[in-house]
Structure formats: C-alpha cells, structure tokens
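Undergrad:
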Amino acid sequence: MSLLNVENLGVRIGHVAPVDGVSFAIEAGETFALLGESGSGKSMTALAIMRLLPPGGRIVAGAVSFDGKALGELPESQMRGLRGRGIAMIFQEPQTSLNPVMSIGEQIAEALPPGMPRDEQARAVRGLLEEVGIPEPAARMHSYPFELSGGQKQRVMIAQALAGQPRLLIADEPTTALDVTLQAQILQLIKRLARERGMGLLLITHDLGVARHMADRVGIMYAGQLVESLPAGRTGGLEQAFHPYTRKLMQAVPSLQRAGERLAAIPGRVPALDQAFAGCRFTERCPHAFAPCAGTAPEWTRLGEGHAVRCHLAAHPEIVRAGEAAQALRMAGAGSETVLAVRDLRVSFTQRTGQLFGKRRIHAVDGISFELNRGETLALVGESGCGKTTAAKAILGLTPASGGEVELDGKIVTGLSERRFKPYRRLAQIVFQDPYSSLNPRMRVGDILQEGMAALGVGGEAGRGQTIAALLEKVGLAPDALNRYPHEFSGGQRQLIAIARALAVRPKLLICDEPTSALDVSVQAQILNLLADLQREEGLALLFITHNLAAVGYLAQRVAVMKAGRIVETGAVHDILARPQHPYTQSLLASVL
Amino acid sequence: MIRYVLRRLLYAVPILIGVNLITFFLFFVVNTPDNMARIHLGVKHVTPAAIAQWKAEHGYDKPLFVNPEQSGLKAVTDTLFMDRSLKLFSFDFGKADDGRDIARDIRTRMWPSLAIALPVFVIGLMVNVTAALLVIFYRGTRLEYVGVTGFIALMSISSLFFIIAGQYVIARLWQWLPISGFGGGIDAIKFILLPVLVSVAAGLGSGARWYRTIFIEEIGKDYVRTARAKGLSELRVLFRHVLKNGMIPILTGAVVVLPLLFTGSLVTESFFGIPGLGSYTIDAIRAQDFAIVQSMVFLGSALYILGLLLTDLSYTLVDPRVKLS
Amino acid sequence: MSLQPVMLWTDALVWLLVLATAGFAWYIARTPVLRESWHNVLARPMGMSSAAVLGVFILVGLADSLHYRERLDNGQFGVEVKSALDAALSPLAARSERTYSAPLATHSQSKENLEQAGGGTVRAAPRLQFGGAHLQDPQRDWRGDVIARAAAGAALGLAVCILFTALLALALARFWRCGFFASLRRLRQPQEKDLAWRSLLVTAFLFLLMAGAMAGLASGYHVLGTDKVGQDVLYQSLKSVRTGLVIGTLTTLVTLPVAIGLGLLAGYFRGWVDDVIQYLYTTLNSIPWVLLVAAAVLIVQVFIEQNERSFSSVAERADARLLALCVIIGLTGWTGLARLLRAETLKLRELDYVTAARAFGVGGPRILLRHILPNVQHLILITVVMDFSGLVLAEAILSYVGVGVDPVMNSWGNMINAARLELAREPVVWWPLLAAFGFMFALVLAANLFADVVQDAFDPRSGVKHPADPRASSQGGKA
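Residue numbers (my numbering), protein chains in the order written: chain A, 1 to 593; chain B, 1 to 325; chain C, 1 to 479.
1. Along the stretch 345–365 of chain C, where does the CB come closer than 7 Å to a CB of chain A? Name the residues.
2. When the distance is taken between beta carbons, is B/Gly246 closer than 8 Å to B/Phe272?
3. Let me know if A/Leu356 comes out buried or exposed under the rule of 16 or more other beta-carbons within 10 Å of its beta-carbon.
4. Using CA atoms only, rank isn't needed, just tell me which of C/Leu348, C/Ala296, C/Leu421, C/Ser310 is closest to B/Phe326.
5. Where does the unbroken alpha helix (DSSP H) through B/Asn128 begin, and where does it stop?
6. Listed from N- to C-terminal order along the chain, which residues in the stretch 288–302 of chain C have their beta-carbon within a distance smaller than 8 Å of any beta-carbon of chain B?
7. Closer than 7 Å by beta-carbon distance: list the chain B residues that pair up with A/Phe146, in chain order.
8. Suppose contacts are defined by Cβ-Cβ distances below 8 Å. Is A/Leu340 in contact with A/Glu371 by that definition?
9. Any C-beta of chain C sitting closer than 8 Å to the C-beta of A/Gln355?
10. Hey, A/Leu182 and A/Gly151: beta-carbon distance below 8 Å or not?
11. DSSP state of A/Phe24, grouped into three classes?
12. Determine the closest residue to C/Ser2 out of C/Glu36, C/Leu72, C/Leu292, with distance taken between C-alpha atoms.
13. Using a C-beta cutoff of 8 Å, does A/Ala556 count as contacting chain E?
14. To which residues of the same chain is C/Ala102 closer than 7 Å at the C-beta, ignoring the five residues directly before and after it?
15. Which ranges does the alpha helix (DSSP H) cover as unbroken runs of at least 4 residues, wholly within the stretch 258–289 of chain C, from first to last along the chain?
16. Which residues, taken in chain order from the stretch 436–447 of chain A, show a beta carbon closer than 9 Å to some beta carbon of chain C?
17. Assuming A/Leu439 contacts A/Ala498 under a Cβ cut-off of 8 Å, what Cβ separation, rounded to an integer in Å, is found between them?
18. Can you have a look at B/Phe91 and say buried or exposed, based on whether 16 or more other CB atoms are within 10 angstroms of its CB?
19. At 4 residues or longer, what runs of the alpha helix (DSSP H) sit wholly inside the stretch 37–109 of chain B?
20. Considering only the alpha carbon of each residue, which of A/Leu128, A/Ile13, A/Asn373, A/Glu147 lies closest to A/Ser103?
21. Quick one, which residues of the stretch 400–422 of chain C are near chain B if we go by CB-CB under 7 Å, in chain order?
22. C/His39 CB to nearest chain A CB: under 8 Å?
23. Specify, as a first and last residue, the run of the beta strand (DSSP E) that A/Phe66 falls within.
24. Residues of chain A with CB under 8 Å from B/Ile248, in chain order?
25. Give the C-beta separation of C/Leu351 and C/Leu379 to the nearest angstrom, bearing in mind that I take them to be a contact with Cβ-Cβ under 8 Å.
26. By how many angstroms is the C-alpha of A/Gln433 removed from the C-alpha of A/Arg501?
27. Mind listing, in chain order, the continuous beta strand (DSSP E) runs of no fewer than 3 residues lying wholly within the stretch 248–282 of chain A?
28. Taking the CB atoms as reference points, tell me whether A/Pro267 and A/Arg285 lie closer together than 8 Å.
29. Along the stretch 159–178 of chain B, where does the CB come closer than 8 Å to a CB of chain C? Name the residues.
30. Where do the ends of the beta strand (DSSP E) carrying C/Glu112 lie?
31. With three or more beta-carbon pairs closer than 8 Å as the criterion, would you say the stretch 542–556 of chain A touches the stretch 457–476 of chain A?
32. Could you check whether C/Val392 and C/Val453 sit closer than 8 Å to each other, using their CB atoms as the reference points?
33. Identify whether C/Val464 lies in helix, strand or coil by the three-state DSSP scheme.
34. Using beta-carbon positions only, say whether A/Ser402 and A/Val347 come within less than 8 Å of one another.
35. What's the call for C/His134, buried or exposed, on a 16-neighbour Cβ count within 10 Å?
36. Roughly how far, in whole angstroms, is the beta-carbon of C/Ile372 from the beta-carbon of C/Leu264, given that I think they are within contact range, below 8 Å?
Here it is as structure tokens:
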C-alpha cells in the first residue's frame, strides 16, 4: 500500500477543469515530482490532495487515499487533523506565506501537536529552527517574518511543515521565488530532511533541472492531465522520456552543455481548459500528430519499469525521435562600431530615514564600465537587487545617473535634459521582464506599436503601417493582432509584442531586462531564438540582463557578472563559464542545476 | 520617536495656517466686518460711527490681511488675520457675539459630547467587527448574501431616520427612555443610552461592510492558506490570523477620529438636546456666530492633525513591521 | 396657450451630463474591455434590477428638468416656472387641502367647528376638498372605492407591463435574430451570456403594479396624505427626486476635474507638485466637513440676499442656491478621490508600459492622458457611483442643519425637517416623514446595490489573477 494514492483525480473551478483524470502514487521515503508549465494543473492537484482548493473549486472525480484512508470521505474535522500532521505543505512565496504580524516561533508552535506544555513547545521550536539551519534559533524565534531574508523565510516554512511530524511533504515550487544561489541550498535541505525522516515528498515544479536533481520519479503534466510518468534521478532517467511534449520541453531549456544549439520552441499555446476534449490535448502543438490524435484520447502505454506514457505513438519511438538533431545556432559576428559605452556609471538614491530630516544614500549602481559593439551581445548577470535593472534604466536616461558617463552611438547622453535627450531616444530601446505590466491594457496592439514611432517622428503615417505589419510578421504574430487588446494574448505573445514595440523605431541597441524569466520554458525558447535571429539580421547590439547563466551561454558573446552594484568579473562567455575566477561567479555557476 | 513627533508637529503649523486662511477668506472676505456690523446693528442704527464702534467692540477694527497704515513687517502683522490666528494658536478663542467666553463654553461642553461619542465609538467598533466576522464566518452560504445585502440596506437608510424612529418608538411609544435632554452623574446614563443606541445602529451598515472587505482581502492572502495547511480550525484561522491582520487597518483607521470625539456629533446632539460641542456648533451656525464657528473649525482641524499623528504612532504599537526611528 | 422654455443653470448642467453619459456609453460600446465589464454589471440580477429602479428615478428627474413658463391670459409669460413633471402631475399639485390629512383620508386631520345643516355647530374633522370628495358616504363606500381604484390602476399597470414585455421581446428578437416567441422563451430561460432580462421584467412588473395602483388611488385621494399647508405629499416626494439626483450627480461633476487633475499630477510628477497638492488636501481635509460646507453656504446665502434683485423668480433663486451647494460640496469633497488617484498613479507610473513610453520620449501630459487616466477610470467610476448615495443622504443632514437647499425648494431633507416636529402631535402625523424617508431609501438603496455590482465588475482585485505572474501577489508588505 502506497503512502499516497491519487486515483483519476478531477477538479473543477466554475467551468474550468484544471485537473482531469490524474493518477499517481507515492511511497514512503520516495520523492515524486509533478513537472509542468503554468496552468498545467500541478498546484491544483496538490491543493486538492490537501482539500484546500480555492473558493469555487471542488473535486468532481476520483479518489485520494493517504495511508489507506480515503481523504474524500473524511469529515472536515478529521481532515484538519491530517493537515500538518499527516501531510504538510510548503508554498512558493515565502514572502507572503507567513503571517506578517506573528513571530515565527508562534507560527511554528501552532503547527506542533496540540497539548504540548509551553516550555516543551519552545524547545521543540528551537530544535526545528536549528534543524533547518537558522542561526541562533533561541533569539530568532521571536523575530517577525519581515526581519528575515527570503531564504530564511523559506527555511521557517520548512520548519513549520516539519513541526507536525508529517509523513508526506508537499513542496509547491519551493525555490521559484528565491535567488539561484539559494535554490540549491533549500533543495538540499528539503531532500536531506525527507531522507532523514523517511517522508514521502511530492515536489511541484516547472523546472526540469529541479525535478532531475531531486526526484526519484517524475510525472509530466500538460493541460490538466498527466501525460508521462517515468523514473528520474541522476542516472539520466529523464533522457528516456518519450512523450513529444516532454522531449520538446527538454530541448527547450537552454543548458551549458548545449550552448550554440538552437532551442526547440513549442508553437501555439496550452488549450483553454473550459472545453471538452476528444483527443490528445497536445495535438495542436505536436510535430508528430496524425489522424487518431485529434479524435481519440490516448491510453496509458507501459514502456518500461515505472515508465508509462499517454501517446498514440507509443509504439513508434523512431517517429518521435526523428528530426531532433540539433540545429546549430548561427551567431552574428560582432562589428567594430561601438554602440554603447558605459564609463564608471553610478546611480544612487536618497532614502529618508526615521530621523528628523535624516537621509541615507543608497548606491544601487556603484561605478560600472563596459562597451558594446554592433551585432554583439553582452550578458549582464546578477541576482535580484544587484542593480542591473537600475543600470539599464540609467543607460536609457530613465533614472538620473549620479556619476559617470553613458555614450550612445558616440554621443554622451548623461545629464541631458529630456528635450535634448529625445533625438537619441530611438537609438536604444528596452524589453522588460514582466509581460503583464509592460503593455498598457487599455491600448490596442496597433496603437502600442505605433506609439514610439509617433513620439519620435519615425516614418510617415503610411510608412508606419507598413513597418508594423512587417514587424508583426517578423516576430510571428498574425496581422489581426493590431486591433486586439493585450489581455487577449498569452504571456509569450505579449513579450513578442513588447519586442516588436522596441524594434519599431529601429534602435541600434536593445536592452532586454530578464525577458524570459516570467515565461514558461517552451515560450522562453521562442523568445531567445527570436532575439538571436533579430540580432543576426539587424546587427543589433544586445544588452541581455539575466540571472540565468544557462541562457547566457546560449545567446551572449561576453558576460559581465554584477554583484551589489559593481561588476565583479567580465570576459568572453566560454572563459567565464569554463573558468570562473571570482568566487561569486563560481557560486552562481555551481547553482545551475 | 520624540524627534518624529516633533517633526510631525512642525508640519502641523502650515496646515493650521492654511485652515485659518480658508476660514478667514470664507468669513471676512465675502462677508466683511462692515457687513457683519450692519446685520448686527439692524437697519435703523447703521451709521459709519456705529459700525466703527461695533467693530472696535468686537475686535474687528483692523484691516484683514494688509495694513496700509503700517510699514515693513508690521503691515502684515498688525492685521485682523494675525490677531485672530495668533490668538487661536494659543487656544485663546475670544468671545462669542453674545459676549460669552468661547474657551469656557468649550471646556464645559466637551464632556457631554465625549459621553456620547466615546461609547458610540467603542461599542460601534465592536459591533461592526463582530457583524463583519459573522458574515465572513458564514461565507459561501446564504447567510453571507443576506448579511451583505442587509449591510447595504442599513447603510441606505438616512441617519435621521434612525434618530427619529428611535425617539418615536423607544422614547415616545414605549417610554423606556427620555426623548432628549441631559443630566449629570448617574442620571446621565439614561439620557446617553438612546443616542448611543441610535448612532451605533446608524453606523452599522457602512462600518460592517467596510470591515468585511478588509477581512475578505486578508482571507485571500497566502498566509491564511499556510495556516489552513497547518491544520488549524477555521475559527482559529479567523481569530488568530485574519483578525489580527485585519485589525491593523481597522484600528489605525479608527484612531484618526479619537481626538475628534471631543467635538461630538452635530446632528445627534442637537436632536437629543445634549449640551455638547456639536449642538453648540449647530446653534452657532444657525445664529451665524462666526467667532464660535471659526473656533470650532480651528479646534476640529487641530484635533484632526493630532489624530493623524496618533494614527502613525498607533502603527508602531499594533504592527511589528513599522518602526518610526 | 404657448410656452416659453426656461433653462435653469442646473437644467443646463443636467442635460450636459446626459450628453456626457451618452458619449461615455458610445465609448464603452466601442471598447471591448469596458463593454465586457458593463455587460457583467447588467448580467447580474441585482445590477439589472437596481439599474432599472435608478432609471425610473432618472426619468422623473429629467422630466422635472424641462422647465417652461406659461403664457397667461394677458399675453404675458407668467412668473412661475414649471416643469414637464409639473404638467404631468398637475392634478396632484392643484388639489391642495387646507392642512394635514392622512394617506387616503376623506377627512381632515384636525377638527374644526362645523356648522350643521340644522343650525348649531359641532366639533369634527371636515370632509376634504378633494380626497374622497366623490364619495356619498365615506363610512360605507370608502373601502370598496379604494380597492376598486387600486385594482383598476394595478390592472392598467399590468397591461403596460405586458406591453413592455412584448416590446422588449420584439426588440430582442431582432437582436438575437430569432422569432418573437423564441425571444419570449429566451427571456424566461436565458442563455449563458444574456443580460438579466428576467430581473428587468420582474422589477418592471412590481414597479408598474405599484405605480398603477398608486395612480389609480391618486385619481380620487391623496395617496400619501397632505402636509401642513395641505399640499399633496406624493407630489412633493416626486418633485424632490430631481433635487436628490442633482446633488448626487452635479456635485460629482464639480469634483471630478479637480480630483482627477490634482490626483494625477501629484502622483505622476511627485516632488514639490506632490507636496503642494498634499498640503492642499490635508488642510482641506482637516476642516470638519459639515462646518466647511456650513460656512460656505452661509456666505452664499449672504451673497444671494445681497443680490436678491438679480434673480427674476423664486425658482431661479432656489436653483442658484442648489447649484452653489453642489459647487461647495464638490470643491470640498475632492480630497478622497484625489488621494486614491494619487496613490494609484504612483503605482502606475512605475509600471513598465509607462517606462516604455518614457523611453520613446513621450511627454508627461501624453503619458497621463494615454497611459494613466485610462487605467484609473475604474476607480473614478466606482467612486462616482459610491459617492452618489452618500450625497443624497447628506442633503437631508445639511437641510436639517440649515445649510441645505433653499427652503422653498422641494427636497426630502426639507420635507423631513418640516415634519420632524409633528411626531409630537396627537394623533401623530407620520406620513410626510415616511414618504420622504421611503423615497430616499428607494433611491439610495438602488444606487448602493448598483454601486456594489459595479465595484465587483470593475475592481481588478475581484478578477482572475494572471497565473504566470508570480509577482502579482508578492507586493504589499510595506505599510
């Protein structure tokens, strides 16, 4: 008997069926990863197991049994007794998942078995904090969440989850909101604790690397269904994946080993889940789809020990594997014309303190210098808060620089008034991280794309229309997009629109500020491919800001590693990835899973 | 902390000057002291000499903002505006048109006001929070729908209706409590009860509805999900987690009116014949006694600014995240 | 008889508002996002019902905003300014009694010395001049007559309701491209994305039944009684509708430009602009609101008294005071919305699409107009509908304090103020109060329910969060 058994689980929220017919089992001491992109139903599956679905959500089919007990039939009071003590859960956002006005000690104590005397509680809390690696637990237990760093908060969440001695731990994207260097530590911690305590672990993740690193078995979810289930582990189990979606997904992730290869993008988008499906849900995006795919839903086919797949092509591996040979990525040759020169750029802010007229200066960018040539890509790598975005804004004159120079196409633009800066505005443009806030929801796409040209006086009325039509085609959007509003597009499509908007004024320099970190991997591949193509065709100088070293290897020729407002190491991609000098670069590199 | 308080008190000065400018503009620029004198003297006695004498008697004999007869700084300081403002700043309110000392009136009348306003504040807060929590507890059921619609219906009823209906039904038909009036000592309770009851009822709809939205917003937050995942009961989640967080905006939002409780409620006091500052103000408005109205405006503004300061300070008490220094 | 149209100041503004609303409706119709939101409002039964009730009130108010003077027999135009509503209600207005009479009464409230036919006097309540004057023996006939008139009126209302249903079905049949009966069926069993037509019909049915019965009774009685000087209370209540609506809407018209302008400027330009605007609204906010309004109204009153001669009629003077009241409340009431908009603008100006526009060198005014304003319009809308009911209620309070509308103007506040002391009479005179409170409650409740639905439909917080936007929920730790 398995520790957890999920049988044909179905969840509905209103008209939407985010989970439909999901089955899997987890043994004690085993780690099972549910891998899927956003909206695949993996988090809903976890919440359904806990019976903590959001308002309006309900389980409409299937059964979940834990330790032999059918959870669906338990009265709420007994289910409550199971939460925390039988099954515990940690969430994605440590920032918001802790009660801001309760001390962490109190919050952990709440999760302890009831009826414990006070001093014993305190001892237990200290022990737990120590176990998850919080220094000075006796003092820390009186701290409030805001006094802890993001990584520490997630450790507290873990301590809280352990407090009830659960036999199954559900971790929902436990490291997604954390910086990369913390990710490895937290995952390590979870894995160690699960092993020591013999807990089953259900890991929800969108990150192939995390799944490969952590799981004994992996289930791949697509559009509310499990499409493949196979053993993982370091022995390379995932490489045996069969389903076309899984394979595409693996090729879509930029990796250090495959730098210089074109990424596999998955065209189209995940189908809406408020409809009835007749066939395989991946049909429309599948390169190998044939007649039965659209008409009948595929059954599970066993491929090997613990490996099963839902695909009509299960008997024909040669078809699925065909055409996977890596396409070489043609990189642009860097020109000699310097488009951007940054010399000792500094940006500092004044922050008001609590004192009477008290102020404090914060140096967000603390003297950085680099040059960027035509057709060249420089990757600016660093973790959140290192000042990379501020640097980008200062280069574009959107944030005043407090020192140093920015030279755009041979002209020093720092310190220019808005009016005198305007002629140089079309030289440099920017693409932002968040595709949801980068497009005005109240403007039609056509107006969004025209705005820059109109403001900068690029091209005549008629010429603008042609330029936009050409741009849409280039980024791969249908011409009817012009009359639609941003909310009608997916995150990836919005990012395409944002790129088209920036390119509309034909800039020489394009700054991409984490352009793919809010996107799913399959979409990320599409964007990265597009950027590479654009650069080659237009000879753009690209300043690529990212925290992901794997993507750097794919796109950039040079890297500058930034930490606390300074560039700590810079050089050619191959050198830095192969022989990092600075300890910080080394730790960044080590954290790539 | 003390520095912070000092800085905030310094900010208050320009605001109070602004308040004075506005009231001055309203009272004396459109309706000049000459006009006032004419109205007070009546049609028959209007002579330039009489006007001048009335103005001198009531302290209106200086120019409003600029004194052309003086030079230098004195041109701006030797004016009605300066005189009045400086006096107000030292809480010297002067005399009403009928010659009574305003400051003394205020001192004696603020206690009855407080006797009504404070219980209304405390009981109202408790009743509203309880009602909001009840509706939250039964969310997703018919009871929630009925409750929320009930709140909206309650807030659609004019507060005058509550007063009039309360007076008519409780005091006149059932004769449980006196219709109006006020007494000292223990006696006061029977006079206070009805106005308090009526005011709490009148404030229930909008108060409970507002608090409900605050709690609903808290319930949607991630930490509530965490608390549930720990296996806490719904009641415990509601009281230990949601209430604690929701009370921060509620309490700090309520603190701003604390000092203003002294000034009482205009309508309630005048309906129930409470000799407080509210009815004092209404009488002054009806009698067009500008000296009293201006004093009350100044007092109200000063107390409001004090309330803002208390709001900031109260954050440091209830919210561990906020530290002022 | 010829008429001379009279355009009072508030009339002009009311019709301007109607025009603006029509323009806004046109804008909504061609903006899919807004159309969707409004569709959601009217698809909710509560939204449709409350909108229908509000619609009736608005129709009454608009009818009362078409003013004219009549040509008298001597060829001159009369001094008295009347409205289309007056014309429609002229029987009600004309049939005044001497003093109080209860609803549907046949006799006056107060006793008088009456001369008997056979000589001598007796102390009794006299028959009313109009209320039930057609009855031979009120004792015997009253009940039957009341029921008959109410039933006849209700039947008429029912007929109108059936006609309305048929017209609606006919109109929707064209829109839905189906037959008349199919349309009727669909009204009863709506499809998924239909508006809440059934609620509209139920509301119309209830309203028409009630209005019909009242109209039937009004043909022979004072349905809601008469007041101290014998005027029909129903007529007064209906005339007060316009006052309430004008205060609720024109005030907003004054508030909006100030609040929007200052709020956006403060939030977008920050720095000293923000300091000045914040100073302004803290100062204004710190003055107790009723006192501020009271002081301003007193001043206006003095001003109007001093310039008595520039008003050609009582109606014009009262109208000037009403307008002044709206302006005063508007100019003192912009701080809440301005603050809200400032905070929202502070947030929006940091959003990437604004940064992107700045990277194109788009100027401040254009950014405010194209990027900020369209994205705060839901806040403006929600505030406008939420404030409306508060303003209608405030009118009553201000009239009680003595700084409301002109005493000669019909308003619920004035009705309450005039009647509140009559509760002490024996027997109690309760109907003017109840009528005023009842009408006010109906309007305010409809407005509040409508506002609630509008808020649900437009507040992005109640919408679906973007799943791929993990940062959407993580902000907001800082208090």
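Built from N, CA and C at the ideal position, the CB exists for glycine as well.
All values derive from a computational prediction rather than experimental measurement.
TA: To lay it out plainly:
1. Leu351, Asp352, Tyr353, Thr355, Ala356, Ala357, Arg358, Ala359, Phe360, Gly361, Val362
2. no
3. For A/Leu356, the pLDDT reaches just 44, beneath the cut-off of 50, and the residue's location in the model is therefore unreliable, leaving the point undetermined.
4. For residue 326 of chain B there is no data in the structure shown, the boundaries of chain B being 1 and 325.
5. 102–137
6. Pro288, Val290, Leu291, Leu292, Ala294, Ala295, Ala296, Leu298, Ile299, Val302
7. Arg321
8. yes
9. Per-residue confidence for A/Gln355 stands at a pLDDT of 46, beneath the threshold of 50, marking its modelled position as unreliable; the derived number appears in the next sentence. By this cut-off, A/Gln355 is not an interface position.
10. yes
11. strand
12. C/Leu72
13. Among the chains of the structure shown, chain E does not appear; the protein chains present are A, B and C.
14. Gln109, Gly225, Trp431
15. Under the rule that a run must span 4 or more residues, the alpha helix (DSSP H) segments found entirely inside the stretch 258–289 of chain C read 271–286.
16. Within the stretch 436–447 of chain A, the residues whose Cβ lies closer than 9 Å to some Cβ of chain C are Tyr436, Ser437, Ser438, Leu439, Asn440, Pro441, Arg442, Met443, Asp447, listed in chain order.
17. Rounded, the Cβ-Cβ distance is 6 Å, consistent with contact.
18. Answer is exposed; the Cβ neighbour count stays below 16.
19. 48–58, 74–77, 80–89
20. A/Glu147
21. Tyr400, Val401, Gly402, Val403, Ile416, Arg420
22. No Cβ of chain A is located within less than 8 Å of the beta carbon of C/His39.
23. 57–66
24. Here the neighbours are Val101.
25. Taking C-beta atoms under 8 Å as the contact rule, C/Leu351 and C/Leu379 fail to qualify, at a distance of about 15 Å.
26. 14 Å
27. none
28. Result yes, Cβ atoms of A/Pro267 and A/Arg285 sit closer than 8 Å.
29. Answer set for the stretch 159–178 of chain B: Ser159, Leu160, Phe161, Ile164, Gln167, Tyr168, Arg172.
30. 112–115
31. no
32. In this structure, the beta-carbon distance from C/Val453 to C/Val392 does not fall below 8 Å.
33. Summary for C/Val464: the model assigns pLDDT 34, below 50, so the residue's position carries little reliability, and this model does not support an answer.
34. yes
35. Label assigned to C/His134: exposed.
36. With 8 Å as the limit, C/Ile372 and C/Leu264 qualify as a contact, their Cβ atoms being about 6 Å apart.
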